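As C-alpha cells, the structure follows; a few thoughts come after it.
There are 2 protein chains.
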Amino acid sequence: MKNNVARPVDREGRKNDPEKTKEDILRVATEEFSAYGLSGGRVDAIAEKTRTSKRMIYYYFGSKEGLYLAVLEKAYRKIRSLEADLELADMPPVEALRTLIASTFDHDENNPDFVRLVSIENIHYASHMKQSSEIGELNLSIVKTIAAVLERGRGEGIFRRDVDAVDLHMLISAFCFFRVSNRYTFGTIFHRDLSAPELYNRHKHMICDAVLAYVRCSETSGG
Amino acid sequence: MKNNVARPVDREGRKNDPEKTKEDILRVATEEFSAYGLSGGRVDAIAEKTRTSKRMIYYYFGSKEGLYLAVLEKAYRKIRSLEADLELADMPPVEALRTLIASTFDHDENNPDFVRLVSIENIHYASHMKQSSEIGELNLSIVKTIAAVLERGRGEGIFRRDVDAVDLHMLISAFCFFRVSNRYTFGTIFHRDLSAPELYNRHKHMICDAVLAYVRCSETSGG
DNA sequence: TTGATAATGTACGAACCAGTCCGTGTCAAA
DNA sequence: TTTGACACGGACTGGTTCGTACATTATCAA
Chain A
1 MKNNVARPVD
11 REGRKNDPEK
21 TKEDILRVAT
31 EEFSAYGLSG
41 GRVDAIAEKT
51 RTSKRMIYYY
61 FGSKEGLYLA
71 VLEKAYRKIR
81 SLEADLELAD
91 MPPVEALRTL
101 IASTFDHDEN
111 NPDFVRLVSI
121 ENIHYASHMK
131 QSSEIGELNL
141 SIVKTIAAVL
151 ERGRGEGIFR
161 RDVDAVDLHM
171 LISAFCFFRV
181 SNRYTFGTIF
191 HRDLSAPELY
201 NRHKHMICDA
211 VLAYVRCSET
221 SGG
Chain B
1 MKNNVARPVD
11 REGRKNDPEK
21 TKEDILRVAT
31 EEFSAYGLSG
41 GRVDAIAEKT
51 RTSKRMIYYY
61 FGSKEGLYLA
71 VLEKAYRKIR
81 SLEADLELAD
91 MPPVEALRTL
101 IASTFDHDEN
111 NPDFVRLVSI
121 ENIHYASHMK
131 QSSEIGELNL
141 SIVKTIAAVL
151 ERGRGEGIFR
161 RDVDAVDLHM
171 LISAFCFFRV
181 SNRYTFGTIF
191 HRDLSAPELY
201 NRHKHMICDA
211 VLAYVRCSET
221 SGG
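Listed below in C-alpha cells is the structure:
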C-alpha cells in the first residue's frame with residue numbers, strides 16, 4: 001500500500017472522504033448561518049468547527065453565498081421529504097385538517113433552525129431562493145392536499161365554499177411559524193416563555209380550533 | 001426663541017443642529033438596518049447617506065450596536081403611541097375585536113420596516129431588546145384591551161370562556177406579521193404576490209372571520 | 001469679549017474576513 | 001509502479017469596516 005515503508009507509526013494521516021467532508025461542512029454551516037445569519041456568519045468560524053479547513057469550503061461550495069445556498073437547499077429538501085405521507089385522503093375532512101395542522105405545528109416546533117433560515121432568507125428578500133432552481137420548483141404538494149380536503153368538506157356540506165387553499169395554508173403556517181420565529185421578542189414583551197411545554201398543547205388546540213371554526217363559519221366580515 | 005437677533009443671514013458655514021442631526025442619522029440608520037440587518041448594515045453606508053459624518057454617529061450613539069438599539073427603540077416607541085386610542089370600550093365586543101384586528105393588520109401592512117426590524121431582532125434572540133429598559137417596560141396595553149373586550153363578550157354570553165388574551169393577540173399578530181415578514185419566501189414558493197391589493201381585503205376578512213369564529217366557537221380539539 | 005463646552009469634519013489605524021496561492025497527500029486505473 | 005485526477009492544509013492577501021485621534025468651528029453664559 002504505502003511505498004514509503006519508513007513512515008513513522010502515525011496512522012492518523014489524512015483519510016480522503018469527500019462525502020463526509022461535504023456533509024460535515026454543511027452541518028456546521030447550518031448551525032452557523034442559522035445562529036448568526038448570512039452576513040453575521042463567519043466562514044472562518046465554520047472552518048474551525050469542521051474537521052477540515054476553509055480551503056475545502058471554497059473547494060466544494062465556491063463562495064460563502066454558495067455555501068449558504070447549499071444549506072438552504074438542504075433544509076428545504078428535508079421538509080419536502082417530510083410533508084409527503086400523511087395519507088389524509090382516507091380521513092374525514094375535519095380529522096384530515098386536524099392532522100395536517102398538528103403536523104405543521106410540530107414541524108416548526110421541532111425545526112427552529114429551519115424557521116430561522118427562512119426568516120433570514122426573507123430578510124434577504126428571498127433572493128437566493130429565487131436563484132435556486134431546486135427550491136424554485138417546490139410547487140408544494142401541501143396545497144393540493146389542502147384543496148382536496150376542502151373540496152371533500154364542501155361536498156359534505158360542512159365547509160364554506162369561499163376558502164382558498166393557499167390562504168388557508170398561510171393562516172396555519174403563520175401561527176405555527178410565528179410562534180417559533182418571534183419567540184424571543186414576543187416572549188420578552190409579554191414575559192412568557194413560548195417554548196414552555198404547557199403552551200405547546202394549548203397553542204396546538206388553539207390553531208386547530210380557529211382554523212376549523214373558520215372553514216365551517218358562514219359569517220362574512222365587515223372589516 | 002433665539003436670542004441672537006443679529007444672526008448673520010445664512011453664511012454657508014456649519015449650522016449646529018444636534019436634534020436634526022440625530023434625527024437624520026436615525027432615519028437613515030432605520031432604512032439601512034431594516035434593509036440589511038444588524039450585521040449586514042454598514043456604518044459607512046449610513047454616514048454617506050446622512051448630511052453629516054460617521055464621526056457624529058459615534059458621537060451621539062457610541063457604537064454600531066448603540067445606533068441599532070436607538071433605531072429599535074424609536075420603532076417601538078412609534079407603535080406604542082399608535083396603539084393607544086382605538087376607544088374600543090364603547091363598541092359591542094364583536095365590533096371591538098374587528099376594529100382591533102383591522103388596526104393590527106393595517107399597522108403591519110403599512111410598516112414593513114418595523115416588521116423587518118422585529119424579525120432581525122429575533123434572529124439576534126432579542127438580546128438588544130432585553131438590554132433596553134425602555135422596550136423592556138412595554139407592558140403592552142393591547143393585552144388589557146383585549147382582556148376587557150373578551151370579558152364583556154363573555155358577560156354577554158357570546159364568547160367562549162377559555163380564551164387567553166395574550167394567546168389571542170398572538171393568533172392575530174402571527175397572521176398579520178407573517179403576511180409581511182414572510183412575503184418573499186411564501187410568495188416565491190406559491191407564485192403569489194402577497195403585496196397585491198386584491199389580497200389585502202381578502203386576508204383582512206379572513207383573519208377577522210377566523211378570530212371571531214374562534215372566540216365564539218365551543219368546540220374542543222382532539223389534536 | 002472670552003472661555004468653556006458642544007458639535008462637527010478629515011484622515012487614519014487596526015482588526016477582521018472573504019477568498020486565493022502554493023504545495024502536499026490519496027487512490028485507483030493503467 | 002507510475003500517473004493523473006481528486007482531495008486536502010496552512011499561510012497569506014487585499015479590501016473592507018468599525019472605531020478613533022486630531023483639528024476646527026459653533027454656541028452660549030459670564
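Chains as they are written, first to last, in full-length UniProt numbering: chain A, 1 to 223; chain B, 1 to 223.
From the three backbone atoms N, C-alpha and C, an ideal C-beta is built for every residue, glycine too.
Keep in mind it's a predicted model, so treat the numbers as computed, not measured.
Check your understanding: Do you know offhand how far residue 30/B's Cα is from residue 63/B's?
Key -> Approximately 15 angstroms between the Cα atoms of the pair.
Practice item. Flag this pair as touching only if the region 188-196 of chain A and the region 152-160 of chain B have three or more C-beta atom pairs under 8 angstroms; answer yes or no. Key: Between the region 188-196 of chain A and the region 152-160 of chain B, the count of C-beta pairs closer than 8 angstroms stays below three; the two stretches do not touch.
Point to revise | residue 198/A, enclosing alpha helix (DSSP H) - first and last residue | key: 197-216 is the extent of the alpha helix (DSSP H) around residue 198/A.
Check your understanding: Which value, in whole angstroms, describes the spacing of the CA atoms of residue 52/B and residue 59/B?
Key -> Taking the straight line joining both Cα atoms gives about 11 angstroms.
**Study point:** Whole runs of the alpha helix (DSSP H) within the UniProt domain "HTH tetR-type" (19-79) of chain A, excluding any shorter than 4 residues
**Key:** The UniProt domain "HTH tetR-type" (19-79) of chain A contains these whole alpha helix (DSSP H) runs: 43-49 and 54-61.
**Study point:** Closest residue to residue 139/A among 23/B, 69/B and 187/B (Cα-Cα distance)
**Key:** Out of 23/B, 69/B and 187/B, 187/B has the C-alpha closest to the C-alpha of residue 139/A.
Review point. So what's residue 102/B in DSSP terms, helix, strand or just coil?
Key: Helix at residue 102/B.
Review point. Counting pairs of Cβ atoms below 8 angstroms between the region 20-30 of chain B and the region 69-76 of chain B, do you hit three or more?
Key: With the cut-off at 8 angstroms, the region 20-30 of chain B and the region 69-76 of chain B touch.
Check your understanding: Is the number of C-beta pairs between the region 149-156 of chain B and the region 81-95 of chain A that are closer than 8 angstroms three or more?
Key -> Segment contact: the region 149-156 of chain B against the region 81-95 of chain A, fewer than three CB-CB distances shorter than 8 angstroms; contact not assigned.
Exercise for review: Sort 204/A, 124/A, 210/A and 20/A by Cα distance to residue 38/A and report the nearest one.
Suggested key: Taking the Cα of residue 38/A as reference, the smallest distance to any Cα among 204/A, 124/A, 210/A and 20/A is reached at 124/A.
Point to revise | Cβ shell of residue 112/B (< 7 angstroms), same chain only, five flanking positions each side left out | key: Excluding sequence neighbours, residue 112/B sits near 180.
Practice item. Could you work out which residues of chain B lie near residue 130/A, taking near to mean beta carbons separated by less than 9 angstroms? Key: Those are 184 and 188, listed as they occur along chain B.
Point to revise | Simplified DSSP assignment, three categories, for residue 17/B | key: Looking at residue 17/B - three-state DSSP - the assignment turns out to be coil, as it is neither helix nor strand.
**Study point:** Residue span of the alpha helix (DSSP H) that contains residue 157/B, given as start and end
**Key:** First-last for residue 157/B: undefined, no H or E at that position.
Review point. At a CB-CB cut-off below 7 angstroms, which residues of chain A make contact with residue 206/B?
Key: Going along chain A in sequence order, the residues near residue 206/B (Cβ under 7 angstroms) are 167 and 171.
Exercise for review: Return no unless some Cβ of chain B is closer than 8 angstroms to the Cβ of residue 157/A.
Suggested key: The beta carbon of residue 157/A sits no closer than 8 angstroms to any beta carbon of chain B.
Exercise for review: Measure the C-alpha to C-alpha separation of residue 20/B and residue 120/B and round it to an integer number of angstroms.
Suggested key: Their Cα atoms are separated by approximately 27 angstroms.
Review point. Expressed to the nearest angstrom, what Euclidean distance is found between the alpha-carbon atoms of residue 168/B and residue 168/A?
Key: About 18 angstroms.
Exercise for review: Could you pull out every residue in the same chain whose Cβ sits closer than 7 angstroms to the Cβ of residue 43/A, ignoring the five residues on either side in sequence?
Suggested key: Here the set comprises 54, 57 and 64.
Practice item. Mind checking which residues open and close the alpha helix (DSSP H) that includes residue 134/A? Key: Looking at the DSSP string, the run of the alpha helix (DSSP H) that includes residue 134/A is 133-136.
Review point. Are the beta-carbon atoms of residue 234/B and residue 117/B separated by less than 8 angstroms?
Key: Nothing about residue 234/B can be read from this structure; chain B reaches only from 1 to 223.
Point to revise | Own chain partners of residue 41/B with C-beta closer than 6 angstroms, once the 5 adjacent residues on each side are dropped | key: If we look at residue 41/B and ignore the five residues flanking it on each side, its Cβ neighbours are 32 and 33.
**Study point:** For residue 129/B, the first and last residue of its enclosing alpha helix (DSSP H)
**Key:** Element bounds for residue 129/B: 127-130.
Exercise for review: Grab the span of the alpha helix (DSSP H) containing residue 167/A for me, first residue to last.
Suggested key: Membership of residue 167/A in the alpha helix (DSSP H) is indicated by the continuous run 165-181.
Practice item. Compare the beta carbon distance of residue 149/B and residue 88/B with 8 angstroms and say whether it is the shorter of the two. Key: Yes. Within cutoff.
Point to revise | Residues within the UniProt domain "HTH tetR-type" (19-79) of chain A neighbouring chain B, beta-carbon criterion of under 8 angstroms | key: Result list: 36, 37, 38, 39 and 40.
Point to revise | Residues of the region 130-155 of chain B with Cβ closer than 9 angstroms to any Cβ of chain A, in chain order | key: The region 130-155 of chain B vs chain A, Cβ under 9 angstroms: 130, 135, 136, 138, 139, 140 and 143.
Practice item. Spell out whether any CB of chain B is found under 8 angstroms from the CB atom of residue 126/A. Key: Under the Cβ distance rule, residue 126/A counts among the residues neighbouring chain B, one pair being separated by less than 8 angstroms.
Check your understanding: With 16 as the cutoff for other CB atoms within 10 Å, does residue 3/A come out buried or exposed?
Key -> Here the model assigns residue 3/A a pLDDT of 30, short of 50, so the residue's position is not dependable and the matter cannot be decided.
Practice item. Below 8 angstroms on the Cβ atoms is my guess for residue 86/A versus residue 100/A; work out the distance and round it to an integer in Å. Key: Their Cβ separation, rounded to whole angstroms, is 7 angstroms, which keeps residue 86/A and residue 100/A in contact under 8 angstroms.
Check your understanding: Considering only the beta carbon of each residue, do residue 171/B and residue 206/A sit closer than 8 angstroms?
Key -> Yes.
Exercise for review: Verify the CB distance criterion: does residue 178/B have a CB-CB separation below 8 angstroms to chain A?
Suggested key: Residue-level contact by beta carbon holds for residue 178/B and chain A, with a gap shorter than 8 angstroms.
Check your understanding: Around the Cβ of residue 173/A, are there at least 16 other Cβ atoms within 10 angstroms (buried) or fewer (exposed)?
Key -> With 16 or more other Cβ atoms from the protein chains shown falling within 10 Å of its own Cβ, residue 173/A counts as buried.
Check your understanding: Looking only at its own chain, which residues have a Cβ that is under 7 angstroms from the Cβ of residue 115/B, when we skip the five neighbours before and after it?
Key -> Setting aside the 5 residues that flank it on each side, residue 115/B is surrounded in the same chain by 108, 177, 180 and 181, each with a C-beta closer than 7 angstroms to its C-beta; the list follows chain order.
Practice item. Taking residue 96/B as the query, report the chain A residues whose CB atoms sit under 8 angstroms from its CB, ordered along the chain. Key: When 8 angstroms is used as the limit between beta carbons, residue 96/B is near no residue of chain A, the shortest such separation being about 12 angstroms.
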